[in-house]
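When we follow my numbering, the leftmost residue of the sequence shown carries the number 60, and every step to the right adds one. Shown next, in structure tokens, is the structure this report addresses.
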Amino acid sequence: LDSLSDFLTFGVAPGLLIYSWGLRPLGAIGLFVAFVFAASAMIRLARFNVEAETHGGASRYFTGLPSPMGGLALALIVGVNAGVLDREGAGSEALGELAAFVVVVGLLMVSTVPFRTFKDLRPTWRVRILLATFVGLQILVGIRVDFMVALAMGMVAYIVFHVPSGVIGATRVVKVRAHRDGRAAALVSDDDDSGEFDAPEFDED
Numbered sequence: 060l061d062s063l064s065d066f067l068t069f070g071v072a073p074g075l076l077i078y079s080w081g082l083r084p085l086g087a088i089g090l091f092v093a094f095v096f097a098a099s100a101m102i103r104l105a106r107f108n109v110e111a112e113t114h115g116g117a118s119r120y121f122t123g124l125p126s127p128m129g130g131l132a133l134a135l136i137v138g139v140n141a142g143v144l145d146r147e148g149a150g151s152e153a154l155g156e157l158a159a160f161v162v163v164v165g166l167l168m169v170s171t172v173p174f175r176t177f178k179d180l181r182p183t184w185r186v187r188i189l190l191a192t193f194v195g196l197q198i199l200v201g202i203r204v205d206f207m208v209a210l211a212m213g214m215v216a217y218i219v220f221h222v223p224s225g226v227i228g229a230t231r232v233v234k235v236r237a238h239r240d241g242r243a244a245a246l247v248s249d250d251d252d253s254g255e256f257d258a259p260e261f262d263e264d
């Protein structure tokens, strides 16, 4: 029931919201894009449940963008545009970009990019100063501009902070594994060669 409520809250509701506000002019394509997001949230939650059973849940990193963050990203798109910029819709010139954004957020949820859980965050002075600066900036933007804009800035910072490092880290892992597999194959090949011998030649006489 907990996963079902999360799926409805962070998958179905944001998908319907973004479709009603901006993707409706695309017709069936817009509905499919919203479905892709909802399906991604469902897969993300299913994977989390499996990892929780096998590995005890996330400790330092989430595997992929957490579904609450994905749902919040779509809600903030609508909130900033409708609540702050007074836009009743996405506009025909931005439909493609909006659909691409929804698909990218969905793919981030089902990706293997690691996102920090901050469970291992130690309350050092450096961490406290950084946290106080970030929270203070959020409050200042919320007071001077709008709290939706402040939340959107925090969301963008969270994603931008993790995606490049996650992609670079995944690339390094692939390279290390390829190098390790190559060395293992070379060792096996050397062992096979060392076991070969030339058969003695005998004269027929």
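Using N, Cα and C, we set each Cβ at its ideal position, and we do this for glycine too.
Around the beta carbon of F66, 16 or more other beta carbons lie within 10 angstroms, which makes this residue buried.
In this structure N108 is exposed. Its beta-carbon is surrounded by fewer than 16 other beta-carbon atoms within 10 angstroms. Under a 10 Å Cβ-count criterion, W184 is classified as exposed, with fewer than 16 other Cβ atoms of the shown protein chains found around its own Cβ. Under the DSSP assignment, P173 falls in the beta strand (DSSP E) whose first and last residues are P173 to R175. Under the DSSP definition of a beta bridge, Y78 lacks any partner. By the Cβ test, the region 97–104 is in contact with the region 164–177, since at least three Cβ pairs between them sit closer than 8 Å. Looking at the backbone, the Cα of T176 and that of L104 are separated by about 15 Å. Taking every protein chain shown into account, the CB of L199 has fewer than 16 other CB atoms within 10 angstroms, so this residue is exposed.
A straight-line Cα-Cα distance of about 8 Å links M214 and L131. The beta carbons of G89 and G148 sit no closer together than 8 Å. When the beta-carbon positions are compared, V92 and V161 come within less than 8 Å of each other.
Residue environment: I188 is assigned as exposed (fewer than 16 neighbouring CB atoms within 10 Å of its CB, all protein chains considered). Here the alpha carbon of A159 sits roughly 37 Å from the alpha carbon of R181.
Rounded to whole angstroms, the Cβ separation of L133 and I77 is 5 Å, and the two are in contact under 8 Å.
Annotated three-state conformation of T122 is strand, per DSSP. When the alpha-carbon of P173 is set against those of V204, T122 and V139, the nearest one is in T122.
The Cβ neighbour count for P84, taken over all protein chains shown within 10 Å, is under 16; the residue is labelled exposed. DSSP places E147 outside both helix and strand once states are collapsed to three, so it counts as coil. Within a 10 Å sphere around the beta-carbon of A211 sit 16 or more other beta-carbons, which makes this residue buried.
Selection A111, S126 and T113 evaluated against P73 yields S126 as nearest (Cα-Cα). Straight through space, the alpha carbons of S64 and R106 are spaced by roughly 16 Å.
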